[in-house]
Amino acid sequence: MDIGFIGLGSMGRGMAANLLRAGFRVTVWNRSPEKAQDLVRDGARLVPHARDVAQASGVIVTMLSDDAALRELVQGEHGIGRQLGQGGIHLSMSTVSPQTTQELAALHAARGTHYVAAPVFGRPDAAAAAKLFVLCAGPQAARQAVMPALQAMGQRVFELGEDAAAANVLKLSGNFMLMATIESLAEAMTLGERYGLPRERTAEVLTQSIFPAPVMVNYGRQIAQHAYEPAGFKLSLGLKDADLVLGAARKVAMPMPLAQLVQGRLLSALARQRGDMDWSAAAIGVSEDAGLKPSSSARD
Ligand code: NAP
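Numbering (our numbering), first residue to last: 162 to 461.
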């Protein structure tokens with residue numbers, strides 16, 4: 162099966178590599194073409210324009226930073242929207258707003274093409290190991306058609322029905338819980354530290370007793386050591402997700418006070434030039450507020 166892939170960032174590179182490994186013929190485009198080098202060596206075909214991907218494949222995966230990049234790619238003058246042939250499928254895997262998904266799904270439907278939303282849980286190492294959790298929603302026949310590709314990239318696919326936006330809402334709910342978890346881990350460790358408990362010890366005890374979830378273990382280790390570079394998920398993108406959560410909540414007149422607190426934390430980290438660090442670097446702000454100077458790889 163031919164498949165196109167657009168967006169070869171930290172996540173996209175591993176995902177496209179797994180499609181190649183599963184036997185798909187993969188055509189790729191990335192704004193910075195040098196990121197395609199390894200994939201080309203492994204058999205992918207690199208094309209000079211995004212629209213060429215649409216001309217080569219009936220199914221196109223996108224894994225881009227944000228709503229603006231995705232809209233530009235679909236709706237722009239040279240975008241894929243106009244090039245994807247009748248019955249073609251846009252498999253949109255970025256974390257974007259439900260509103261963008263609704264608009265793009267309508268635009269595709271009007272052109273006789275299909276939009277499937279399939280955002281993911283898992284960091285770049287999980288993407289490279291085909292261990293992503295995929296949340297998939299959109300027209301049933303299109304979902305069925307892309308299932309082999311999703312299975313090649315993930316360990317489990319959760320199907321969420323015909324309304325593509327449902328997948329984005331659930332993805333944002335999960336990311337809200339992740340950002341709240343980072344804040345709570347940082348506050349718990351910093352409280353312990355102010356009373357003389359080593360951060361590692363707090364993380365170890367909490368994650369080996371009442372909070373054994375992988376997410377607690379992994380972020381717990383990072384936050385205990387103040388080890389935020391290289392970024393698995395850039396803090397600037399984490400702030401984008403906090404904005405998306407609050408935007409989605411605002412649309413339905415739902416207060417999310419915890420999300421607002423974390424958004425402020427991420428914004429303050431961005432102002433302190435931490436946008437390219439991992440988003441768990443929000444924890445540095447917790448230490449600073451407590452009068453502590455984080456050591457290790459944390460930046461002042
Ligand atoms: P990333 O490393 O920053 O990659 C972003 C990709 O988008 C790159 O290919 C970039 O191209 C492209 N891009 C950005 N703006 C563009 C534009 N205006 N036109 C064309 N291409 C553009 O981000 P990532 O970590 O792979 O994340 C990708 C998506 O997955 C995001 O929506 C993120 O929220 C989501 N996600 C990330 C993680 C994670 O842990 N990293 C986990 C789950 C979901 P260049 O290479 O030219 O910059």
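We put the beta carbon where it would ideally sit given N, CA and C, even for glycine.
According to DSSP, residues forming a beta bridge with Val277
Leu252
Take every Cβ of the stretch 188-197, pair it with every Cβ of the stretch 299-306, and state whether three or more of those distances are shorter than 8 Å.
no
Return yes when the Cβ of Val214 is within less than 8 Å of the Cβ of Gly184, no when it is not.
no
Tell me, please, whether the stretch 253-267 touches the stretch 216-232 by the rule of three or more beta-carbon pairs shorter than 8 Å.
yes
Using a threshold of 7 Å, is the CB atom of Arg465 nearer than that to any non-hydrogen atom of ligand 1?
In the structure as shown, the chain begins at 162 and stops at 461. Residue 465 is therefore absent and cannot be evaluated.
Determine the DSSP secondary structure at Leu169, reduced to helix, strand or coil.
coil
Any 3 or more C-beta pairs closer than 8 Å across the stretch 341-349 and the stretch 319-327
no
Ligand 1 and Lys196: does the residue's C-beta get closer than 7 Å to at least one heavy atom of that ligand?
yes
Per-residue DSSP class, three states only, for Val201:
helix
Excluding the 5 residues flanking Gln301 on each side, which residues of the same chain have their C-beta closer than 7 Å to its C-beta?
Glu323
Going by C-alpha distance, which of Tyr356, Gly240, Lys332 and Ala217 is nearest Met254?
Lys332
Flag Asp402 as yes when its Cβ comes closer than 7 Å to any non-hydrogen atom of ligand 1, and as no otherwise.
yes
When you compare the CB positions of Ala217 and His239, do they come within less than 8 Å of one another, or not?
no
As a quick exercise: from Ala288, Val281 and Gln244, pick the residue whose alpha carbon is nearest that of Ala177.
Ala288
Of all the options Gly242, Gln247 and Phe372, which has the alpha carbon lying nearest to the alpha carbon of Leu265?
Gly242
Helix, strand or coil at Glu320 according to DSSP, with G and I counted as helix:
strand
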